[in-house]
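A short write-up of the structure that comes next.
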Amino acid sequence: MALLTLSLGSNLEPAYHIAKALDGLSEVFGELKLSSVYESKAVGFDGGNFLNMVVAVDTNLALDEISRIIKALETRHGRKQDQARFSSRTLDIDILTLGDLNGEHHGIVLPRPEITVNAYVLWPMSEVCPDRVDPLSGQTYTALWSAYDRSRQQLWRVNFLWQGRPVSSA
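So the sequence shown is numbered by the working numbering: it starts at 184 and just counts up by one.
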C-alpha cells in the first residue's frame, strides 16, 4: 500500500462539489483522512473564492489508474478537461504525492510542486501528513508550513460538514 494525497478545490458551488468529490473518493478508496476545509481568494485569475482541502488514502492502485479515476470524477461534476489552467471550476483534484514516487511519471510530476508554493495546499497537507518529509526540501510538511510566509496568500478555515459529520470548523 502507498499513501496517496490529493488536493481538492472548487469555486463554483464549492461546498456541494467538495462533498460530492469526497463521496466519490470514498466509494473508490474507502476510508479517507481529511484535512480541514479552507477558503481562499482565487490565485492567478479573477474569480470567486475557492474551498480547498487535502485528502489522504492508502491504495494499491497504479498512478495512471488513479489519474483516470480522478479525471472521470472531475468530469462527472462538470469539469471540462480543456479549461484554462487559471479559471473557475466545479471541481479540481490534483495528485500531490503517491508513496515515495519522485519525478515525472505518466506526465505527472510528484511530489506536486504546488505543495510548498500555495498556502491552500501546504496548510491542509501539514494537517494530513504532518511528519511526512517533502523529498525536495528534506523538511516535514509541518516545518514547511511553520516557515511559510503567510502574507503571500490569505486563507481561513471554514465550517464544513460531510455526511453529517464536521470536517472543519472556523
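C-beta: ideal position from N, C-alpha, C; glycine also.
| Query | Result |
| --- | --- |
| Ala-245 - DSSP class collapsed to helix/strand/coil | coil |
| Counterpart residues of Tyr-221 in DSSP-defined beta bridges | Asn-235 and Arg-340 |
| Cut-off 8 Å between Cβ atoms - residues of its own chain near Asp-317, not counting five sequence neighbours on either side | Pro-294, Ile-298, Thr-299, Thr-323, Tyr-324 and Leu-327 |
| Other residues of its chain near Met-236: CB distance less than 6 Å, five sequence neighbours each side excluded | Leu-191, Ser-218, Val-220 and Pro-307 |
| Contacts around Pro-313, its chain only, beta-carbon distance under 7 Å, and the 5 residues preceding and following it disregarded | Thr-323, Tyr-324 and Thr-325 |
| Cβ pair Ile-278, Ile-291 closer than 7 Å | yes |
| Integer Cβ distance of Asn-194 from Gly-230, believed to fall under 8 Å | 6 Å |
| Pairwise C-alpha distance: Ile-201 and Arg-335 | 25 Å |
| N- and C-terminal bounds of the alpha helix (DSSP H) containing Asp-317 | Per DSSP, Asp-317 belongs to no alpha helix (DSSP H) and is neither H nor E. |
| Closest by C-alpha distance to Trp-339, when choosing among His-260, Leu-215 and Ala-353 | Ala-353 |
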